[in-house]
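Throughout, the numbering used here is defined as the position within the sequence shown, counted from one, plus 108.
Using N, Cα and C, we set each Cβ at its ideal position, and we do this for glycine too.
Just below is one structure, and these are the notes that go with it.
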Amino acid sequence: MTTIELDDKLINKVIKIGHYQNAQKAIDTILSDYIQTHQKQNTSFDKLCFELEMTDEEIDSLFKRDKDAGRTLDL
Numbered sequence: 109m110t111t112i113e114l115d116d117k118l119i120n121k122v123i124k125i126g127h128y129q130n131a132q133k134a135i136d137t138i139l140s141d142y143i144q145t146h147q148k149q150n151t152s153f154d155k156l157c158f159e160l161e162m163t164d165e166e167i168d169s170l171f172k173r174d175k176d177a178g179r180t181l182d183l
């Protein structure tokens, strides 16, 4: 647990505006909301992705089929 000193006028204004029950509830709620807003959430898709230093054309070429690949020619 950390102790933080706050200006009485400021915390009283926050409690009044936010309709919080007390200073502890106000600070807990404000900090929780801040974390939820600013923390990057890793989705399943994010876990599968990785950053590439490739151009869009290079990425597109990964999905293009080479018509001659896998064919053998008997001469």
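### Message
DSSP three-state label for Glu100, please.
### Response
What is shown of the chain runs 109 to 183, which leaves residue 100 out entirely.
#### Entry: Same chain, Cβ closer than 7 Å to Arg173, five either side skipped, listed in chain order
none
### Task
Pull up the distance between the alpha-carbon of Leu94 and that of Leu114, whole angstroms please.
No answer is possible for residue 94: the residues shown for the chain start at 109 and end at 183.
### Query
How far does the alpha helix (DSSP H) with Asp115 in it reach, from first residue to last?
Taken as a continuous stretch (DSSP letters only), Asp115 belongs to no alpha helix (DSSP H), as it is neither H nor E.
#### Entry: Asp154 versus Asp168: straight-line alpha-carbon distance, rounded
20 Å
### Residue of Thr111, Ala131, Ile112 minimising C-alpha distance to Asn120
Ala131
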